[in-house]
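Residue numbers (the working numbering): 1 to 285.
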């Protein structure tokens, strides 16, 4: 698989990675915060083994994808619409991990969408209010505080990660037991390596992503009519349970898989096959 690039209508570069299956039906993978498209390698291979076309893409500011200052959630859906046009995609299921979740939901408005799946997705801050932050671990609360105060403070925080040993970061006391189990897998290593790649390529993604998270999404998620499968961990301290519950209550055609004893990373890694199969089911129905 080789990285590909599309020039969008506004002149920005848009980077993506396909799994080599030729089809007009696609699974489109929306990464979590800091994740590079290379972090989807295992998923892209899984879909290829099942004869399903899939691609991962970099949101604005990530790696070779040009930044878009002031980006909001619906902007990513518009970029995906242009990509779908260029690849002659007729049917698609969008999957979003963590910070990618809301962007996948936005793509559910596209007429080519036949479904959306999320894992540990944020709900809209404008709807949640202060309950958006309830139950988050302190490390995440500190990051959100930085983003609200001055995005450069958050950029400097992330830059500081580059001077630390990855093992030390992963052994923080706020990492749960289920996260620790997940971190012993190949999937976690691939994800971790992709995070390192993102940071090596720069930090334009920080401002773009956090404007998406902190600002109104640019659409009402209640207007998404396609089936939405929501995966949420009961022990998630990055995106706490009330986020998944809000999505389940407000998205009209939603199914909530609430896994009581799973955390943020643990849910994504330990349930990856179940999540991928839920994506395949939507695409094939």
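Heads up, the beta-carbon is just placed ideally off N, CA and C, and yes, glycines get one too.
Taking a cut-off of 8 angstroms for Cβ pairs, the stretch 195 to 206 and the stretch 234 to 252 do not touch, as fewer than three such pairs fall below it.
Annotated as proximal: residue 71 and residue 208, with beta-carbon spacing under 7 angstroms. Between the stretch 11 to 27 and the stretch 78 to 96 there are three or more C-beta pairs closer than 8 angstroms, enough to call the two in contact.
The beta carbon of residue 143 sits closer than 7 angstroms to the beta carbons of 154 and 157 from its chain, once the five residues preceding and following it are set aside; these are given in chain order. Residue 269 has its alpha-carbon roughly 33 angstroms from the corresponding atom of residue 8. Residue 41 sits in a helix when the DSSP states are folded into three classes. A direct Cα-to-Cα measurement between residue 215 and residue 58 gives close to 20 angstroms.
When DSSP states are grouped into helix, strand and coil, residue 13 belongs to the strand group. Residue 114 holds the alpha-carbon nearest to the alpha-carbon of residue 280 among 261, 205, 114 and 211. Sequence-distant partners of residue 248 (beyond 5 residues in either direction) whose C-beta falls short of 6 angstroms from its own C-beta, in its chain, are 230, 254 and 256.
Taking C-beta atoms under 8 angstroms as the contact rule, residue 263 and residue 179 qualify, at a distance of about 5 angstroms. The distance from the Cβ of residue 6 to that of residue 28 is about 13 angstroms, inconsistent with a contact at the 8 angstroms cut-off.
Within the stretch 101 to 164, the complete beta strand (DSSP E) segments of 3 residues or longer fall at 113 to 119, listed in chain order. The continuous alpha helix (DSSP H) containing residue 268 extends over residues 264 to 270.
Per DSSP, the continuous alpha helix (DSSP H) segment holding residue 180 begins and ends at 177 to 182. Relative to residue 185, the option among 48, 131, 267 and 76 whose CA is nearest is 267. In the structure shown, residue 256 adopts extended strand secondary structure according to DSSP, grouped into three states. Minimum Cα-Cα distance from residue 259 among the listed residues 132, 201 and 271 corresponds to 271. The C-alpha of residue 146 is placed about 18 angstroms away from the C-alpha of residue 162.
The three-state secondary structure of residue 210, taken from DSSP, is helix. Taking all protein chains in view, the Cβ of residue 273 is surrounded by fewer than 16 other Cβ atoms within 10 Å, so the residue is classified as exposed. The alpha carbon of residue 225 has as its nearest neighbour, out of 96, 107 and 79, the alpha carbon of 107. Rounded to whole angstroms, the Cβ separation of residue 39 and residue 228 is 23 angstroms, and the two are not in contact under 8 angstroms. Going by DSSP, residue 198 is part of the alpha helix (DSSP H) stretching over 186 to 200.
Shown here for residue 12: same chain residues with a beta carbon closer than 6 angstroms to its own, the five before and five after excluded, namely 66 in chain order. When the alpha-carbon of residue 210 is set against those of 61, 160 and 283, the nearest one is in 61. Residue 280 is not bridged by DSSP to any residue.
Annotation for residue 94: the continuous beta strand (DSSP E) segment containing it runs 91 to 97.
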